[in-house]
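See structure below.
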Amino acid sequence: MPEILKIEHLSKHFGANEVLKDINFQVRPGDVTSIIGASGSGKSTLLRCINLLESATSGKIFFHGQNILSDHVNEAKYRAKVGMVFQSFNLFNNHTVISNCMVGQIKVLKKSKEEAYQSALFYLDKVGMTSHINAKPHQLSGGQKQRVAIARALAMQPEILLFDEPTSALDPEMVGEVLDVMKALAKEGTTMLVVTHEMAFARDVSNHVVYMFDGKIEEEGEPKALFSSPKSPQLREFLSRFTGDAGNQGG
Amino acid sequence: MSISEMNFFQRMLYILQEYSGSLAKGAATTMVIAIVCTAFGCVIGFAVGIVQTLEPKKKDNLAYRIILRLAKVLLTAYVELFRGTPMMLQAAFIYYGASQVFGLNLGMWEAAILIVSINTGAYMAETVRGGILSVDIGQTEGAKAIGMNHFQTMLSVILPQALRNIMPQIGNNLIINIKDTCVLSIIGTVELFFTFKSISGALYTYFEAATVILIIYFILTFVSSRILLAWENRMDGPVNFDLATTDTLAYTSGMMNFPRKPKRRT
Ligand SMILES: Nc1ncnc2c1ncn2[C@@H]1O[C@H](COP(=O)(O)OP(=O)(O)OP(=O)(O)O)[C@@H](O)[C@H]1O
Ligand SMILES: [Mg+2]
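Protein sequence lines correspond, in order, to chains C and V.
According to our numbering, the residues represented by the first sequence are 1 to 251, in order.
According to our numbering, the residues represented by the second sequence are 1001 to 1266, in order.
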């Protein structure tokens, strides 16, 4: 199958600091790719480059074969097709839950209010938040906020969804409700690229795992193999920190 | 009884009775100028503040970047000049300057509204700039991530939040304008302070006239600030939200009133 997203020789500098070094990988439709790696290894920066929130220093990002880093690409149009879920939710504080899920559909996809409302309800139902449609973000718990953020991204019917540590800002008891939603999405065949510290999710839900170390892709592959017999010493060391979680269960 | 035989309270009553018409008219003029000019000032402030927060990107063409740069310099000069000089002198400068240099005789209303609006705009520009910068960058990123362009992001997400954040400051400006319109008496605007000067000039009862008019000013500012506060609360919406109870999923995602302990979805 032709890939949705293909990244070639991507590099990113912040000043003299090279944060991403010659990144190459691809995402095919239906892929659930987990990106793991230590703090500061460049995972967030990679996602932000893919979503054009950060401009890459060099390299290419192909979306359906078109290089979106070339000048004549409409950034907003591309972003509408690539959903993003943030660690810090980033729900619009001045909009209610339902309105958060409608505003993009109306402004960007030019849907009618009624159409947008129905589809917002549909996706809020998916994440179990239809009872809270009139709430403002500050009236929700972290887990609820993140589920609404996922519904907001889904309502744009993106072709791929990027997640940047969607559960890292949550209290432990709320992690599960968000992971459950993500698992359900994966099962439905949603194409997802997930930066995560949840090793169980990376191992059990994704079909591809990318391990980043110091701005490079150090190792990647099928999750079972990668978790049970990591080749690079860095990955072995990284996984050993998760003993008790998925690291050793997978071995 | 002549005015010299009256005591303090009788004199105040006398002023209120004899001059009720001009007091009401002065107060009305003051309020109209203050409200209209605060509104215009907000419009100017938002326009300037928005331009000031535009950041040219590498991708933008050269002409756009040069124009933006120039506009920012001019707007900064405007803000600094009008914030940095007394409004009373600005009033004299613009009013007499317009007639002497341009042969333009501004009417009382045009002059008053022009001067106070421009002045408020200069203050509001900085307030709006701060209001925009105070909105978390995550809000912009959230909007961009669903494909909204700069204009849509500003209009639907950033400016409403910036406006809410600076409401106390807008209220402050209105209060200041109610009081500061008094400097317009220098160009003959018949507002509340002008009324004070005519009453005290006619009756020689400075203390009583000042007391009466101070009280009127205070009532105007106090009522204004209460109304603005109520307006702010309305902007915030209800403290509690209604759960849509017809929903079957409601029980799995929590039906208790907020705040509640979140449950794990099954
Ligand atoms: N805006 C920025 N300016 C300068 N340096 C930055 C910027 N953003 C990130 N960096 C640097 O880039 C490196 C990678 O950061 P990044 O946020 O991508 O790491 P990460 O893998 O997502 O880490 P974490 O797991 O903690 O989120 C870090 O060294 C960080 O200091
Ligand atoms: Mg990160």
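Where a beta carbon is used, it is the ideal one built from N, C-alpha and C, also for glycine.
Output, in chain order, the set of chain V residues within a Cβ distance shorter than 8 angstroms of Met156 of chain C. One-based indexing of the first sequence puts residue 156 of chain C at position 156. Neighbours of Met156 of chain C on chain V, chain order: Ile1146, Gly1147.
Is the separation between the beta-carbon of Lys113 of chain C and that of Gly1237 of chain V shorter than 8 angstroms? Here residue 113 of chain C refers to the residue found at position 113 when the first sequence is read from its first residue. Here residue 1237 of chain V refers to the residue found at position 237 when the second sequence is read from its first residue. The answer is no: Cβ separation not under 8 angstroms.
Cβ-heavy atom distance, Asp164 of chain C to ligand 2, below 7 angstroms: The residue labelled residue 164 of chain C in the question sits at position 164 within the first sequence. Yes, Cβ of Asp164 of chain C sits closer than 7 angstroms to a heavy atom of ligand 2.
How would you list, in chain order, the residues of chain A whose beta-carbon sits under 8 angstroms from the beta-carbon of Arg1164 of chain V? In the structure shown, chain A cannot be found, because the protein chains are C and V.
Mind listing the chain C neighbours of Pro1160 of chain V? Cutoff is C-beta to C-beta under 8 angstroms, in chain order. Working through the second sequence from its first residue, we reach residue 1160 of chain V at position 160. Ordered by position in chain C, the residues that pass the 8 angstroms Cβ test against Pro1160 of chain V are Asn94.
In the DSSP assignment, find the unbroken beta strand (DSSP E) run with Asp180 of chain C in it and report its ends. Counting from one through the first sequence, the residue named residue 180 of chain C turns up at place 180. Per DSSP, Asp180 of chain C belongs to no beta strand (DSSP E); it is in the alpha helix (DSSP H), 172-187.
Rounded straight-line distance, which links the Cα of Gly42 of chain C to that of Lys216 of chain C: To locate residue 216 of chain C, count along the first sequence from 1; it is residue 216. To locate residue 42 of chain C, count along the first sequence from 1; it is residue 42. So the two alpha carbons sit approximately 8 angstroms from each other.
Between which residues of its own chain and Ser1134 of chain V is the CB-CB distance below 8 angstroms, once the five residues before and five after are set aside? Numbered from its first residue, the second sequence carries residue 1134 of chain V at position 134. Closer than 8 angstroms at Cβ, skipping near neighbours: Ala1162, Asn1165.
Where do the ends of the alpha helix (DSSP H) carrying Asp125 of chain C lie? As a working note, residue 125 of chain C is residue 125 in the first sequence. Element bounds for Asp125 of chain C: 113-126.
Mind checking whether the beta-carbon of Ser1224 of chain V lies closer than 7 angstroms to any heavy atom of ligand 1? Here residue 1224 of chain V is taken as the residue at index 224 of the second sequence, counted from 1. Ser1224 of chain V Cβ: outside cutoff for every heavy atom of ligand 1.
Between Val1128 of chain V and chain C, is there a C-beta pair that is closer than 8 angstroms? As a position in the second sequence, residue 1128 of chain V is number 128, starting the count at 1. It does not: the Cβ of Val1128 of chain V has no partner Cβ on chain C nearer than 8 angstroms.
For Met84 of chain C, return the contacting residues in chain V, with the cut-off set at a CB-CB distance below 7 angstroms. Counting from one through the first sequence, the residue named residue 84 of chain C turns up at place 84. Result: Ala1145.
Comparing the CB of Thr1195 of chain V with every heavy atom of ligand 1, is any distance shorter than 7 angstroms? To locate residue 1195 of chain V, count along the second sequence from 1; it is residue 195. No, since every heavy atom of ligand 1 falls outside the 7 angstroms radius drawn around the Cβ of Thr1195 of chain V.
Three-state secondary structure (DSSP) of Ser252 of chain C: Residue numbering for chain C in the displayed model covers 1 to 251; residue 252 of chain C lies beyond these limits and cannot be assessed.
Chain-ordered residues of the region 132-152 of chain C with a beta carbon less than 9 angstroms from chain V: His132, Ile133, Asn134, Ala135, Lys136, Gln139, Leu140, Ser141, Gly142, Gly143, Gln144, Arg147, Ala149, Arg152
Val27 of chain C touches chain V at which residues, Cβ-Cβ below 7 angstroms? Within the first sequence, residue 27 of chain C is the residue found at index 27, counting from 1. Within chain V, no residue comes near Val27 of chain C; the closest Cβ sits about 17 angstroms away, beyond 7 angstroms.
For Thr1140 of chain V, which option in C:Glu218, C:Met182, C:Phe92 has the closest C-alpha, if you only look at C-alpha atoms? Along the second sequence, read from residue 1 onward, the residue named residue 1140 of chain V stands at position 140. Closest option to Thr1140 of chain V, Cα to Cα, is C:Phe92.
So, helix, strand or coil for His72 of chain C, using DSSP? Numbered from 1 along the first sequence, position 72 holds the residue referred to as residue 72 of chain C. In this structure, His72 of chain C counts as coil in the three-state DSSP scheme.
For Asn51 of chain C, which residues in chain V fall below 7 angstroms Cβ to Cβ? For the purposes of this step, residue 51 of chain C is taken as the residue at position 51 of the first sequence. Per Cβ cutoff of 7 angstroms: Ala1145.
Amino acids of chain V, ordered along the chain, whose beta-carbon sits closer than 8 angstroms to that of Ser88 of chain C: What you label residue 88 of chain C is simply residue 88 of the first sequence in a count that begins at 1. Simply Gly1138.
With DSSP run on the structure shown, which of helix, strand or coil describes Ser1200 of chain V? Here residue 1200 of chain V refers to the residue found at position 200 of the second sequence. Helix at Ser1200 of chain V.
Counting only the same chain and skipping the five closest in sequence on each side, list residues whose C-beta sits under 6 angstroms from that of Pro158 of chain C. Looking up residue 158 of chain C in the first sequence gives position 158. Closer than 6 angstroms at Cβ, skipping near neighbours: Lys81, Val82, Gly83.
Best match in C:Ala200, C:Asp214, C:Met212 for proximity to Ser228 of chain C [C-alpha to C-alpha]: Working through the first sequence from its first residue, we reach residue 228 of chain C at position 228. Residue C:Ala200 is the option with its Cα nearest to Ser228 of chain C.
Taking Cβ positions only, does Ala76 of chain C come closer than 8 angstroms to chain V? What you label residue 76 of chain C is simply residue 76 of the first sequence in a count that begins at 1. Yes, because at least one Cβ of chain V sits closer than 8 angstroms to the Cβ of Ala76 of chain C.
Go through its chain and collect everything with a Cβ distance to Glu1005 of chain V's Cβ below 6 angstroms, but skip five positions before and after it. By 1-based counting over the second sequence, the position of residue 1005 of chain V is 5. Excluding residues within five positions, none has a Cβ falling inside 6 angstroms.
For Tyr1251 of chain V, is the classification buried or exposed, using 16 other Cβ atoms within 10 angstroms of its Cβ as the cut-off for buried? Numbered from its first residue, the second sequence carries residue 1251 of chain V at position 251. Residue placement at Tyr1251 of chain V cannot be trusted, given a pLDDT of 37 that sits under 50; the coordinates are not used to answer.
Within-8 angstroms CB hit, Gln1169 of chain V to chain C: Here residue 1169 of chain V refers to the residue found at position 169 of the second sequence. Chain C contact via Cβ: absent.
Applying the criterion that 16 or more other CB atoms from any shown protein chain within 10 Å of the CB defines a buried residue, is Met129 of chain C buried or exposed? Counted from its first residue, the first sequence places residue 129 of chain C at position 129. Buried, by the Cβ-count rule.
Is Tyr1095 of chain V helix, strand or coil by DSSP? Position 95 of the second sequence, counted from the first residue, corresponds to residue 1095 of chain V. Tyr1095 of chain V falls in the helix class under three-state DSSP.
Compute the distance between the beta-carbons of Glu1232 of chain V and Met1167 of chain V, then report whether it is under 8 angstroms. In the second sequence, the residue the question calls residue 1232 of chain V occupies position 232. In the second sequence, the residue the question calls residue 1167 of chain V occupies position 167. Against a cut-off of 8 angstroms, the Cβ pair of Met1167 of chain V and Glu1232 of chain V comes out as a contact.
Between Phe63 of chain C and Leu5 of chain C, which are expected to be in contact by the criterion C-beta below 8 angstroms, what is the C-beta distance as a whole number of angstroms? Counting from 1 along the first sequence, the entry for residue 63 of chain C is found at position 63. Counting from 1 along the first sequence, the entry for residue 5 of chain C is found at position 5. Contact holds; Cβ gap of about 6 angstroms.
Compile a chain-ordered list of the residues in the region 1176-1198 of chain V whose CB is closer than 8 angstroms to at least one CB of chain C. none
Can you tell me whether DSSP reads His95 of chain C as helix, strand or coil? Along the first sequence, read from residue 1 onward, the residue named residue 95 of chain C stands at position 95. The answer is coil: DSSP assigns His95 of chain C none of H, G, I, E or B.
On the criterion of 16 or more Cβ atoms from any shown chain inside 10 Å, does Phe14 of chain C qualify as buried, or is it exposed? As a working note, residue 14 of chain C is residue 14 in the first sequence. With fewer than 16 Cβ atoms within 10 Å of its Cβ, Phe14 of chain C is classed as exposed.
Just to confirm my understanding: we take Ile1113 of chain V, look at its own chain, exclude 5 residues before and 5 after, and list those with CB closer than 8 angstroms. What are they? Walking along the second sequence from the start, residue 1113 of chain V turns up at place 113. The residues are Ile1033, Val1036, Cys1037, Phe1040.
If we define contact as Cβ-Cβ less than 8 angstroms, is Asn185 of chain C a contact residue for chain V? As a first step, residue 185 of chain C must be located in the first sequence, where it is residue number 185. Reading off the sequence shown, one finds Leu at residue 185 of chain C, where the question assumed Asn. Not an interface residue.
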